[in-house]
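Below you'll find the structure, written out as structure tokens, and then a few comments.
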Amino acid sequence: MTQRVYNFSAGPAVMPVKVLEQIQRDMLALPGVGASVMEISHRSGAFIAIIEAAEKNIRELLSIGDDHAVLFLQGGSRLQFSMIPMNLLGAGQVADYIVTGSWGKNALAEAKKVGETNVAWDGKETNYDRLPDAAELNLQPQAAYCHYTSNETIQGVQFATEPEVGDVPLVCDASSDIFSRPLNIAKYGLLYACAQKNAGPAGVTVVVIRKELLKRSDPNMAGYLNFDVHAQNESMWNTPPTFAIYVLRLITQWLLDDCGGLAGIEAANREKAALLYDVLDDSPEFYQGHAQPEVRSQMNVTFRLPSDELTAQFVSEAKAQGLTDLKGHRSVGGIRASIYNAMPIAGVEKLRDFMLKFRDAHKDAK
Ligand SMILES: *Cc1c(COP(=O)(O)O)cnc(C)c1O
25 MTQRVYNFSA
35 GPAVMPVKVL
45 EQIQRDMLAL
55 PGVGASVMEI
65 SHRSGAFIAI
75 IEAAEKNIRE
85 LLSIGDDHAV
95 LFLQGGSRLQ
105 FSMIPMNLLG
115 AGQVADYIVT
125 GSWGKNALAE
135 AKKVGETNVA
145 WDGKETNYDR
155 LPDAAELNLQ
165 PQAAYCHYTS
175 NETIQGVQFA
185 TEPEVGDVPL
195 VCDASSDIFS
205 RPLNIAKYGL
215 LYACAQKNAG
225 PAGVTVVVIR
235 KELLKRSDPN
245 MAGYLNFDVH
255 AQNESMWNTP
265 PTFAIYVLRL
275 ITQWLLDDCG
285 GLAGIEAANR
295 EKAALLYDVL
305 DDSPEFYQGH
315 AQPEVRSQMN
325 VTFRLPSDEL
335 TAQFVSEAKA
345 QGLTDLKGHR
355 SVGGIRASIY
365 NAMPIAGVEK
375 LRDFMLKFRD
385 AHKDAK
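When we follow our numbering, the leftmost residue of the sequence shown carries the number 25, and every step to the right adds one.
Rendered as structure tokens:
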């Protein structure tokens, strides 16, 4: 197959064609360098210019000021599940976890290995189809931090705004919705995201951390695990993932130059998600959304069909039409359409049309 499909994978996921073409163009020789980005020193002027441009773009997109450091790390979001408590959760302290889906549960499980945790809320009773109200949160006023997942990639539930946690530093796993909408970064103690959902290829994880929190890192902990070591060395304590950072630079440039920044991409994301949710709302007897309507994700649209047979048929017929990777995660079942920033509206329209036709062909047979 040489035609590009509409790829609804949850991650690694679709990337902008323009960026793929830039990578292709520069693959053998970066302009002015004569070698690919993979072949040059991370201490070379050419690479320093790339990592500085990536950081500048991220700061511009998220309006990050001097109070926060931006780090480029490896180990994915899973390593952050451990690094965050290792750096921020001192002896005798407790960390709050708001568990709204599979990733929050995984983050909590790793934190428990490091220190004391408090489950401020857990949505398991309704299989993570909703989010807590402020009044439902059982927060500890002296908590070292409060961790939540802004978008649960598997269940498809997304916070519209940050939970209110008072003076406790807010820590957010934004792996699957970073750069999908503007944020008020002043509200965050730490925000992290692996790149391979909405920001680029696997291999780099962006951590935005309030500089004041860097004081909590114990100098005797393993160097790579220490946020302060990475901040002091501008993410160059060891060799950073140079290729992934180069792509992140191109993606953030695409957001700024071609998408109207985060306000522009947010409007496009809302429009795309509405196309699919309208189908669910119009066909409740055939398509059942997993997330409650008020907390539906703009990134991962999850729904079920009347039977497993119809679900399998939906996935295979869609694939034959160039709509791929629509099978839901086994813990939720059904279908998951991941429609990240780089998914063009034409892809979502094609999926919408397919869903309508499939419904009409099978609604009486169910
Ligand atoms: C994918 C994902 C992770 C895990 O990321 P890795 O880079 O594989 O460790 C964590 N949190 C969320 C919300 C995710 O979507």
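Yeah, the Cβ is synthetic: ideal placement off N, Cα and C, and Gly gets one too.
Those residues which DSSP pairs with residue i across a bridge
i: R360; result: T326
i: H171; result: Y121 and V195
i: Y216; result: D197 and V231
i: R320; result: V181
i: E176; result: V181
i: N111; result: Answer is none; N111 lacks a bridge partner.
i: N31; result: T348
Residue i: first and last residue of the uninterrupted alpha helix (DSSP H) it sits in
i: H66; result: Careful: H66 lies outside any alpha helix (DSSP H) and carries neither H nor E.
i: H254; result: F251 to Q256
i: I209; result: Element bounds for I209: n/a, residue is neither H nor E.
i: D281; result: T266 to D282
i: F382; result: I369 to H386
i: E236; result: Careful: E236 lies outside any alpha helix (DSSP H) and carries neither H nor E.
i: D305; result: G285 to D306
i: K136; result: S126 to K136
i: L44; result: V41 to D50
Whether residue i touches residue j by CB criterion (8 Å)
i: A198; j: L113; result: no
i: G213; j: L238; result: no
i: S54; j: A34; result: In the sequence as displayed, the identity of residue 54 is Leu instead of Ser. No; because the gap between Cβ atoms is not below 8 Å, this pair is not in contact.
i: L161; j: W145; result: yes
i: L274; j: L85; result: no
i: W127; j: T185; result: no
i: V43; j: V271; result: yes
i: V118; j: T141; result: yes
i: F378; j: Q337; result: no
i: F203; j: N222; result: yes
i: H66; j: R234; result: no
i: R154; j: V192; result: no
i: G227; j: Q48; result: no
i: N31; j: T348; result: yes
i: E333; j: F382; result: no
i: G358; j: T335; result: yes
i: I88; j: I82; result: yes
i: N365; j: I289; result: yes
i: P109; j: G139; result: yes
i: I269; j: A37; result: no
i: Q322; j: R294; result: yes
i: G125; j: Q166; result: no
i: L286; j: V372; result: no
i: M39; j: G224; result: yes
i: Y248; j: S101; result: no
i: L163; j: V189; result: yes
Reduced DSSP secondary structure (H/G/I, E/B, other) of residue i
i: A158; result: helix
i: Q345; result: coil
i: Y311; result: coil
i: E76; result: helix
i: M334; result: Reading off the sequence shown, one finds Leu at residue 334, where the question assumed Met. The answer is helix: DSSP assigns L334 an H, G or I state.
i: Y82; result: Reading off the sequence, residue 82 comes out as Ile, not Tyr. It is helical.
i: M62; result: helix
i: L163; result: coil
i: L103; result: helix
i: T150; result: helix
i: V189; result: coil
i: S340; result: helix
i: G56; result: coil
i: G116; result: coil
i: G89; result: coil
i: G224; result: coil
Span of the beta strand (DSSP E) around residue i
i: W145; result: E140 to D146
i: L95; result: H92 to L97
Below-8 Å beta-carbon distance, residue i vs any chain D residue
i: K381; result: Among the chains of the structure shown, chain D does not appear; only one protein chain is present.
What residues sit near ligand 1, counting only those whose C-beta is closer than 6 Å to one of its heavy atoms, in chain order?
G35, G100, S101, R102, W127, T173, T177, D197, S199, S200, C218 and K221
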